[in-house]
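Undergrad: In this note's numbering, the protein residues as written are 52 to 470.
1) Does DSSP put residue 221 in a helix, a strand or coil?
2) Sorted by chain position, which residues of the same chain lie with C-beta nearer than 7 Å to residue 267's C-beta, five sequence neighbours on each side aside?
3) State the start and end residues of the unbroken beta strand (DSSP E) segment that holds residue 114.
4) Between the region 245–263 and the region 83–92, do three or more beta carbon pairs fall short of 8 Å?
5) Please state whether the Cβ-Cβ distance between residue 354 and residue 336 is less than 9 Å.
6) Please name the residue in 246, 304 and 69 whose C-alpha comes closest to that of residue 206.
7) With DSSP as the reference, label residue 310 as helix, strand or coil.
8) Would you call the CB atoms of residue 156 and residue 80 closer than 9 Å?
9) Give a yes or no on contact between the region 340–349 and the region 311–323, applying the rule of three or more CB pairs nearer than 8 Å.
10) Could you spell out where the beta strand (DSSP E) holding residue 229 opens and where it closes?
11) Among 112, 297, 364 and 345, which residue has its Cα nearest to the Cα of residue 417?
12) With distances taken Cα to Cα, identify the nearest neighbour of residue 75 among 161, 83 and 108.
13) Could you give the DSSP three-state label for residue 438: helix, strand or coil?
14) So what's residue 199 in DSSP terms, helix, strand or just coil?
15) Verify whether the separation of the beta carbon atoms of residue 281 and residue 361 is less than 9 Å.
16) Looking at C-alpha atoms only, which residue of 147, 165, 428 and 299 is the closest neighbour of residue 182?
17) Going by DSSP, what residue range makes up the alpha helix (DSSP H) through residue 188?
18) Sort 173, 328 and 276 by Cα distance to residue 303 and report the nearest one.
19) Going by DSSP in three states, residue 268 sits in which element: helix, strand or coil?
20) For residue 278, which residues does DSSP report across the bridge?
21) In whole angstroms, what separates the C-alpha of residue 102 from that of residue 330?
22) Does the distance from the CB of residue 123 to the CB of residue 115 come in under 9 Å?
23) Are there 16 or more other CB atoms within 10 angstroms of the CB of residue 65, so buried, or fewer, so exposed?
24) Less than 9 Å separating the beta-carbons of residue 320 and residue 414?
25) From residue 308 to residue 272, what distance separates their C-alpha atoms?
26) Leaving out five residues on either side along the sequence, give the residues of the same chain with a beta carbon under 6 Å from the beta carbon of residue 301.
27) When DSSP builds the beta bridges, which residues end up paired with residue 427?
28) Select from 97, 153 and 332 the residue whose C-alpha is nearest the C-alpha of residue 106.
29) Determine the closest residue to residue 68 out of 159, 85 and 129, with distance taken between C-alpha atoms.
30) If you check the beta carbons only, do residue 215 and residue 54 fall under 9 Å apart?
31) For residue 217 versus residue 198, is the C-beta spacing smaller than 9 Å?
32) Tell whether a beta-carbon distance below 9 Å holds between residue 428 and residue 398.
33) Note down the Cα distance separating residue 142 from residue 84, rounded to an integer number of angstroms.
34) Could you give the distance in angstroms between the alpha-carbon of residue 456 and the alpha-carbon of residue 405?
35) State the DSSP-derived secondary structure class of residue 353, mapped to helix, strand or coil.
36) Within 10 Å of its beta-carbon, does residue 278 have 16 or more other beta-carbons around it, so buried, or fewer, so exposed?
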């Protein structure tokens, strides 16, 4: 596999009942060991122990700038304004450190409990060797990854895409690099940011991705993102956090020396139903410019949901998009001229929800607008406000087993008749 073929979410694991361990479906298993500055007095012994268990692909010395060292540690360990990270920088040393890129020719994956208490599927040999080499000089002067996801996420921040290609191809000839994590002083442009995010965050741009990555500043003022893990996104993008709650995050990312607002949504924030958020991320599409967007059907229905249920009125540009996308998807039931008919649009959303088993969810972010004049037409059992007294009586009278076998299209028609 070429480096550029990797993306966050690519890896799949399978369990062997005969061998009693998990393996992944990548061609190679790369891992990263780092000997921080204050552990380098023991590096010969540490390297020897690593060499006995792995094939060392590359050995690279790196030096972070003094002004960004604490920030780099903060991003690397995914901590926001954490005083312990400042202590870690001092404890580990802010000077030159050694990176060892290794390859495990016979990786075995097992569930292990991490220091944070999380239970994760990890390369058990990597975890074992890290513990052993830490005992050589005491403390936590040695860091390691424990999965392909961690390797690519951290390697892309340390080295960048081009250098990582050279490292894995064994063709780089510079042994010492004086550079910070990617994006430490901001991003040269959206292309550099989205290249990094591809490796480090499972995300998609919800709306207006049409202008990315080359024409944002002439057309938009912020970026709306859905991601799997908000800390992955913050760390990878080097964001300044304005607010972070269980309902979303407001971030600032420095791009082309401009402060660009990012509005972040993530699984479980109820901006959309969590099942829908998860499905959108699983079905996302990558553009030729490394920007992830929703699949076309997800884009249409999520934009319709947003425009009608989360906004007081529909933007003209959305009307154009609804017309274009409905034509491309051949949605013969959709009439763009009825966009202002809230009952009609609610029936479209209702039909989609019944098919997908999604619900309307009240967003945890109190700043998200709720259009009750449209929500009142969505049935209560789908999260809306529409009264269903008659339907409740029918449910009492009709056994559940018969309701379950009714085709979806008949259910939708019945919903409308008894509403």
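Glycine residues also receive a C-beta, built at the ideal position from the N, C-alpha and C atoms. These numbers were taken from a predicted model, which means no experiment stands behind them.
TA: To lay it out plainly:
1) coil
2) 241
3) 106–114
4) no
5) no
6) 246
7) strand
8) yes
9) no
10) 227–229
11) 297
12) 161
13) Residue confidence is low: residue 438 scores 46 on pLDDT, short of 50, so the model does not pin down where it sits. Its coordinate-derived value is still stated next. Note: residue 438 maps to coil in three-state DSSP.
14) helix
15) no
16) 165
17) 175–188
18) 276
19) coil
20) 254 and 317
21) 42 Å
22) yes
23) exposed
24) yes
25) 15 Å
26) 293 and 294
27) The partner list for residue 427 (beta bridge, DSSP) is empty, contrary to what the question assumes.
28) 153
29) 159
30) yes
31) no
32) yes
33) 18 Å
34) 14 Å
35) helix
36) buried
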